[in-house]
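K.L.:
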Amino acid sequence: MNTSYTIRKKSVLYLLLGNNRAIAGYTKALEFRNGKSFRRVTEEG
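Sequential numbering from 1 applies to the sequence shown in UniProt numbering.
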């Protein structure tokens with residue numbers, strides 16, 4: 001059970017690495033949409 005979880009986690013990681021460009025665009029869109037509130041959260045965190 002534990003190993004299957006880690007394997008799934010790795011596959012998700014590989015998927016994220018594969019879609020690197022899409023993720024970069026997604027995060028940029030989120031930052032643009034949230035604006036100041038997003039920066040405030042990151043500064044406090």
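Beta carbons are placed, not taken as given, at the ideal position from N, Cα and C, and that holds for glycine. Only a predicted model underlies this, so the values are computations on that prediction, with no experimental measurement involved.
From what residue to what residue does the alpha helix (DSSP H) around Asn19 run?
P.N.:
It is not in any alpha helix (DSSP H) - Asn19 carries neither H nor E in the DSSP assignment.
K.L.:
Once you ignore the five residues that flank Tyr14 on each side, which residues in its own chain have a CB closer than 7 Å to its CB?
P.N.:
None.
K.L.:
To the nearest angstrom, how far is it from the Cα of Asn34 to the Cα of Thr27?
P.N.:
Rounded to whole angstroms, Asn34 to Thr27 spans 10 Å at the Cα level.
K.L.:
Just checking Leu16 against the ligand ADP - is the residue's beta carbon closer than 7 Å to any of the ligand's heavy atoms?
P.N.:
As far as ligands go, the structure on display features none, and thus does not contain the ligand ADP.
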